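Taking it in order: structure first as structure tokens, then the write-up.
There are 2 protein chains.
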Amino acid sequence: MPSSPNISFVLHDVARLLRKRFEQRSRAFGLTRAQWQVLAYLSVHEGIHQNKLADLIEIMPITLARLLDKMEARGFIERRPDPADRRAWLLYLTPQAHPLIEVMRSNGRKTRDEAFAGLSADAQQQLLQTLCLIKSNLLEACTQPAVDREKVHV
Amino acid sequence: MPSSPNISFVLHDVARLLRKRFEQRSRAFGLTRAQWQVLAYLSVHEGIHQNKLADLIEIMPITLARLLDKMEARGFIERRPDPADRRAWLLYLTPQAHPLIEVMRSNGRKTRDEAFAGLSADAQQQLLQTLCLIKSNLLEACTQPAVDREKVHV
DNA sequence: TGATGATAATAAGCATGCTCACGAAAGTTT
DNA sequence: AAACTTTCGTGAGCATGCTTATTATCATCA
Numbered sequence: 000m001p002s003s004p005n006i007s008f009v010l011h012d013v014a015r016l017l018r019k020r021f022e023q024r025s026r027a028f029g030l031t032r033a034q035w036q037v038l039a040y041l042s043v044h045e046g047i048h049q050n051k052l053a054d055l056i057e058i059m060p061i062t063l064a065r066l067l068d069k070m071e072a073r074g075f076i077e078r079r080p081d082p083a084d085r086r087a088w089l090l091y092l093t094p095q096a097h098p099l100i101e102v103m104r105s106n107g108r109k110t111r112d113e114a115f116a117g118l119s120a121d122a123q124q125q126l127l128q129t130l131c132l133i134k135s136n137l138l139e140a141c142t143q144p145a146v147d148r149e150k151v152h153v
Numbered sequence: 000m001p002s003s004p005n006i007s008f009v010l011h012d013v014a015r016l017l018r019k020r021f022e023q024r025s026r027a028f029g030l031t032r033a034q035w036q037v038l039a040y041l042s043v044h045e046g047i048h049q050n051k052l053a054d055l056i057e058i059m060p061i062t063l064a065r066l067l068d069k070m071e072a073r074g075f076i077e078r079r080p081d082p083a084d085r086r087a088w089l090l091y092l093t094p095q096a097h098p099l100i101e102v103m104r105s106n107g108r109k110t111r112d113e114a115f116a117g118l119s120a121d122a123q124q125q126l127l128q129t130l131c132l133i134k135s136n137l138l139e140a141c142t143q144p145a146v147d148r149e150k151v152h153v
């Protein structure tokens, strides 16, 4: 493992460091990476249900609910009751959230520029495609049982 | 953002899904992904200090300390006092941890096989190199202040 | 209509990362 | 030796993921 680095661990490290760097940059604005992701998706899907948004972002609805709690408390988003379904909420940005979008987008750009320094546009495109393939492989795999019959008796 | 997927978000998603899938597989053995990483590094560095191990894995010492607390409670590792430094511990695997190593390595292999299905060995090698470059960019960047002078007055 | 099942959101509790802060011991300087 | 500084490990507290379970509401079908 330490001799030749394990690609999964490196991938995990990169994700962790990306988040860390992004948050070093964004702390001053009161939004974390995850909250920024919510805001970004929400900005082009205002009026969406929590469930649908969780689907889009591909996180569990409860994970999103917790994020929204914080973002609502800080005045970035608003939950309005759905007149057609008393169980559900409709999600909206508050006016004060709008100006943040450009700022955060720029923070993301800067973090990416640091991270991908030395990578050609081609290489970045290549990387993106590879990652999308892996992601779809994993989304598929995660729906399947992972019981490992050969090993379960060990 | 939803039109062309953001490479940082995809990368984050892939890392999250890799962890999720690995843990679906490994839950039966009582080790999480992070704990397995500790075990893997430790298995080739027995007798190491916590600080040095945290450096190797590139996590904060406090994060490692928490992981070790759990792993010690479950009997996977052992902290022995360092005779030369009363502040420090030396880390060792317990006998019962050894047989797990091969099992977990195989779980990692299976998870990777699922994730990287459809990627040639070349493409995987390419990906690994790209990720290592990005990681080293980020490790460098994270040590630098991230104050964003143009934006701080917004 | 009235029971039965699905769905929207949340609660509880765990794991893993972080920052910030602190105590104890070690090392260094005066 | 005494006073500073550094280092080792950890406590407290937060954020974001997850699994599992619960409540309220909606939809369907007998």
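Residue numbers (numbering that gives the first Met the number 0), protein chains in the order written: chain Z, 0 to 153; chain F, 0 to 153. Using N, Cα and C, we set each Cβ at its ideal position, and we do this for glycine too. Source: prediction; values computed, not measured.
Practice task
Give a yes or no on whether 8 angstroms exceeds the smallest Cβ distance from Z:Leu52 to chain F.
Solution key: no
Practice task
Identify the continuous beta strand (DSSP E) that holds Z:Arg20 and give its terminal residues.
Solution key: Looking at the DSSP string, Z:Arg20 is not in any beta strand (DSSP E); the run it does join, the alpha helix (DSSP H), is Ile6 to Ser25.
Exercise for the section: Determine, using beta carbons only, whether F:Leu11 comes closer than 8 angstroms to chain Z. Expected result: Looking at the sequence itself, residue 11 of chain F is His, so the reference to Leu does not match. At least one chain Z Cβ lies under 8 angstroms of F:His11.
Exercise for the section: Please determine, among Z:Thr142, Z:Phe21, Z:Arg79 and Z:Lys19, the residue with the shortest C-alpha to C-alpha distance to Z:His48. Expected result: Z:Arg79
Practice task
Can you say whether Z:His152 is buried or exposed, counting buried as having 16 or more other CB atoms within 10 angstroms of its CB?
Solution key: For Z:His152, the pLDDT reaches just 34, beneath the cut-off of 50, and the residue's location in the model is therefore unreliable, although a value from the coordinates is still provided. Under this definition Z:His152 is an exposed residue.
Problem - Contact with chain F by Z:Arg111, beta-carbon distance below 8 angstroms - result: yes
Handout entry: Proximity test, Cβ basis, 8 angstroms: F:Thr129 and chain Z
Key = yes
Exercise for the section: Report all residues from its chain with a CB closer than 8 angstroms to the CB of Z:Glu149; omit the five preceding and five following residues, and keep chain order. Expected result: Caution applies to Z:Glu149, whose pLDDT of 42 falls short of 50 and renders its modelled position unreliable; the model cannot decide the point.
Exercise for the section: Compare the C-beta of F:Gln123 against all C-beta atoms of chain Z and say whether one is closer than 8 angstroms. Expected result: yes
Problem - 8 angstroms Cβ cutoff met for F:Leu38 and F:Leu99 - result: yes
Handout entry: Listed by chain order, chain Z residues near F:Ala64 by CB distance under 8 angstroms
Key = Correct list: empty, because the minimum Cβ distance to chain Z is about 17 angstroms.
Exercise for the section: Could you tell me which of F:Gly46, F:Leu10 and F:Ala122 sits nearest to Z:Ile56, measuring between CA atoms? Expected result: F:Leu10
Problem - Z:Ala114 and Z:Leu17 closer than 8 angstroms at C-beta - result: yes
Practice task
Take F:Glu101 as the anchor and find which of F:Ser7, F:Pro4, F:Leu30 and F:Asp12 has the nearest alpha-carbon.
Solution key: F:Leu30
Exercise for the section: May I ask you to list the residues that DSSP assigns as paired with F:Glu77? Expected result: F:Tyr91
Practice task
Identify whether F:His97 lies in helix, strand or coil by the three-state DSSP scheme.
Solution key: helix
Handout entry: Bounding residues of the alpha helix (DSSP H) (the contiguous stretch that carries F:Glu139)
Key = Ala120 to Cys141
Handout entry: Residues bridged to Z:Ile155 [DSSP beta-bridge criterion]
Key = Since the first residue of chain Z shown is 0 and the last is 153, residue 155 of chain Z is not available in this structure.
Exercise for the section: Give the DSSP bridge partners of Z:Asp84, in chain order. Expected result: Z:Asp81
Problem - Chain-order list of residues whose beta-carbon lies under 8 angstroms from that of F:Glu71 (same chain, five-residue window excluded) - result: Glu77 and Arg78
Problem - Within chain Z, partners of F:Ala157 - CB distance below 8 angstroms - result: The first residue shown for chain F is 0 and the last is 153, placing residue 157 of chain F beyond what the model contains.
Problem - Within chain Z, the residues that F:Lys69 reaches when beta carbons sit closer than 8 angstroms - result: The contacting residues do not exist; F:Lys69 stays about 19 angstroms from chain Z at best.
Practice task
Report all residues from its chain with a CB closer than 7 angstroms to the CB of F:Pro60; omit the five preceding and five following residues, and keep chain order.
Solution key: Gln49, Asn50 and Ala53
Practice task
Check whether the Cβ of Z:Leu126 lies closer than 8 angstroms to any Cβ atom in chain F.
Solution key: yes
Practice task
Out of F:Thr142, F:Ile6, F:Asn5 and F:Gln34, state which residue places its alpha-carbon closest to the alpha-carbon of F:Gly107.
Solution key: F:Gln34
Handout entry: Nonlocal neighbours in the same chain, by C-beta distance under 7 angstroms from F:Gln143, ignoring five residues either side
Key = none
Problem - Which of helix, strand or coil DSSP assigns to Z:Ala53 - result: helix
Problem - Cα-Cα separation, F:Leu130 to Z:Asp84 - result: 46 angstroms
Practice task
Identify whether Z:Phe28 lies in helix, strand or coil by the three-state DSSP scheme.
Solution key: helix
Problem - Where the alpha helix (DSSP H) through Z:Met70 begins and ends - result: Pro60 to Ala72
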